[in-house]
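Peer 1: Take this structure first; my questions come after.
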Amino acid sequence: MKKSSARVKSKYCKLILGMIILVFFMVLVKVASLSLDAPGEILTSPVPRRETANPSQKNELSDIKVELTPEEQAYLEEQAYLDALGPVKICIDPDWEPYERINEQGVAEGIAVDLVALIASRTGVELDLVATSDWEESLKNSRMGKCQLLGLLLQTPYRDQWLVFTEPYFSDPSVLITRAEHNYISDLASLSGETLVLPKGTGTEEAIRRDYPNLKIMIVESEAVAFEMVETRQADLTIRSLTMAAYTIKSQGFFNLKIAGQVPDYTYAFRMGVVDEEPMLRDILNKGIATLSPQEIQKISNEYIAVEMQSAIDHDLLWRVVLIFAVVAIVGLLWIRQLQRFNKILTQKTVELEQVTEELNADIIAREKAEAEIRTLLYHDQLTGLYNRTFLNQMVLIPEETHPVTVFMFDLDGLKEVNDTHGHLQGDMLIKNAAKLFVRCFIENANIIRIGGDEFLAVVTNCNEQRADDLRDCIRQAVTAYNLQIQDESLEISLSMGYAISGNPATTMAEFMQKSDEQMYADKLRHKKGIYDTAENGIWIG
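Right, dumping it as structure tokens:
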């Protein structure tokens, strides 16, 4: 018995000694890491390219021709292209720390700025910064051709209209930010009616509106304002990248906020956007992106969001910590035998508790799922999946910050004749086809509602007269294209349409509907007279 006890004690002593040695080596590694050189300066301009040879310097007497490989020929073509292109004008978000910003001295800085500068230097691309006041101006400059490159953005169908995108060069997981008392969020689809706030101009907004119509979307000016809205209970949550969340919470002091979940399908894959007239520039930049290593990306990222560390080690303090650790370990050894007597009971109770917890969690998940399904049935039309009149009845006033607002009213002409002649199943198919057409045209800032058998309504926020006209033309073109390709004449779509626009926050939904309804019926009368697409269908009411 004594020999067995001695062996146990010897075993524990060896364990404690090993732990002490492990801690000692961890401290040595830490000290060694502090002695590494500080990071070098971040490139802010590309390495100049070598000038092409002067033709006068060539040996004109030589008639020897060198056969170039395809790779060498492609390289020469790229160099000639870059020489002809000259400095590439680039726009960035001037206020999106830590990714990119323009500081008080007018110099661009940030994680993305340094990465793009590194890529440009490796490909021989010269960059010329076009300063803007905000991200909206940067996007506008890109669309108008005032800058050929956007440094950091997400690829979306809307931006595909005028940009070609590089491969991702910086990825960041998306996280949900809530107040500290908020429960963990396992799935955004389980929420209903909660307000999600986003800064304007983000690619995330388009995806959230498409994938999670159960959420109310609020758009604000900046990242910091979005976090402040959550902190002050004016919004329930926001979704941002992990890097942005960590930086903003730390720099702005939002310490009563927390990360309450992750959205795996929404990983931020940041790319460069090149105007579609310059696809070769995109291909050249992709070659530079391929040279980036994870270590280089992490090093640049750490320069902006890494926790500061002290530059020297207090060795007296270090030895005191090691000594205290050793004493605690020895005292703990004396208690090990006593604790072993309780381990079995504790393990059994833990298993029982885990079983009860799993059952409770299963009940909670089932209840939340049932509640989400009920809310979906309450606010959505079962035939089309669009919002229904119950949802519309809650929209008395539209928030001031979303004006101007345009409300479209649609009537599906001839539905009764289709039902009477071909049956209600054919009529239902016609309704669903029309609903799909609306969803394709209203892709941003829109709530589409089926308010009756053949009547639809679309509420579009941040929609001025120009955008309203564009949406009207989109609907007309989509109807024409649909009718040209449909085989069954009974499924051809004929729409009467009207819309009303207001910039006055006091305008009620009833006023919107009345004016747009009048415009729609005027359009219906024109259709009956055989007049199509010859008059404006909108009206300003405020």
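Quick note on our numbering: the sequence shown kicks off at 63 and runs consecutively.
Beta carbons: idealized from backbone N, C-alpha and C, even for Gly.
1. Leaving out five residues before and five after Asp249 in sequence, what residues of the same chain have Cβ atoms less than 6 Å from its Cβ?
2. So for Thr310, helix, strand or coil by DSSP?
3. Could you tell me which whole alpha helix (DSSP H) segments of length 4 or greater appear in the segment 436-485?
4. Relative to the C-alpha of Gln167, which candidate in Ala193, Arg184, Pro160 and Ile511 has its C-alpha closest?
5. Write down the C-beta distance between Ile493 and Leu445 rounded to the nearest angstrom, noting that I regard them as a contact closer than 8 Å.
6. At which residues does the alpha helix (DSSP H) containing Val292 begin and terminate?
7. For the structure I just gave you, are there three or more beta carbon pairs, one from the segment 193-203 and one from the segment 140-156, closer than 8 Å?
8. Just curious, the beta strand (DSSP E) that Tyr330 is in, first and last residue?
9. Would you say His244 and Ala322 are within 7 Å of each other, going by their C-beta atoms?
10. Could you please give the first and the last residue of the uninterrupted alpha helix (DSSP H) stretch that includes Glu134?
11. Going by beta carbon distance, what residues of the same chain come within less than 7 Å of Cys536, once the five residues before and after it are set aside?
12. Quick check: is the beta carbon of Thr409 nearer than 7 Å to any beta carbon in chain D?
13. Quick check on this structure: which residue in Thr464, Ile513 and Ala568 has the alpha carbon closest to the alpha carbon of Lys278?
14. Using 10 angstroms around the beta-carbon of Met306, count the other beta-carbons present and answer buried if the total reaches 16, otherwise exposed.
15. Which partner residues of Asp234 appear in the DSSP bridge assignment?
16. CA-CA distance, Gly207 and Glu340?
17. Could you check what DSSP says for Thr194 in three-state terms: helix, strand or coil?
18. Mind the definition here: the segment 471-486 touches the segment 445-460 only if three or more C-beta pairs lie below 8 Å; say whether that holds.
19. Which one of Gly315, Val259 and Ala331 has the shortest CA to CA distance from Gln296?
20. Is Pro466 buried or exposed, if buried means 16 or more other CB atoms sit within 10 Å of its CB?
21. If you run the structure through DSSP and keep just helix, strand and coil, what is Pro261?
22. By Cβ distance, which residues of its chain are closer than 6 Å to Lys262, with the 5 residues on each side in sequence left out?
23. Phe504 bridges to which residues according to DSSP?
24. Going along the chain, which residues of its own chain have a beta-carbon closer than 7 Å to the beta-carbon of Pro117, five neighbours each way excluded?
25. So what does Leu299 bridge to, in DSSP terms?
26. State the DSSP-derived secondary structure class of Asn203, mapped to helix, strand or coil.
27. Alpha carbon to alpha carbon, how far is Asp473 from Tyr583?
28. Using the rule of at least 16 other Cβ atoms within 10 Å of the residue's Cβ for burial, across every protein chain shown, is Leu212 buried or exposed?
29. Is the beta carbon of Ala496 closer than 7 Å to that of Ile555?
30. Kindly indicate which residue of Ser233, Gly255 and Leu130 has the alpha-carbon position closest to the one of Ile436.
31. I need the DSSP call for Val413, collapsed to helix, strand or coil.
32. Using DSSP bridges, identify the partner residues of Val541.
Peer 2: By the coordinates alone:
1. none
2. helix
3. Correct list: 451-455 and 477-484.
4. Ala193
5. 6 Å
6. Glu285 to Glu293
7. yes
8. Tyr330 to Val337
9. yes
10. Pro132 to Leu147
11. Cys503
12. No chain D is part of this structure, which consists of one protein chain only.
13. Thr464
14. Only buried fits Met306, as 16 or more other CB atoms lie within 10 angstroms of its CB.
15. Tyr330
16. 11 Å
17. coil
18. no
19. Val259
20. buried
21. strand
22. Ile281
23. DSSP output for Phe504 lists no bridge partner at all.
24. Note that Pro117 has pLDDT 49, beneath the 50 cutoff, so the model's placement of it is unreliable and the number below is only indicative. Here the set comprises nothing.
25. In the DSSP assignment, the residues bridged to Leu299 are Leu258.
26. helix
27. 9 Å
28. By the beta-carbon neighbour count (other beta carbons within 10 angstroms, threshold 16), Leu212 is buried.
29. At the C-beta level, Ile555 and Ala496 come within 7 Å of one another.
30. Gly255
31. Taken through DSSP and simplified to helix, strand or coil, Val413 comes out as helix.
32. BP columns for Val541 are empty, so no partner.
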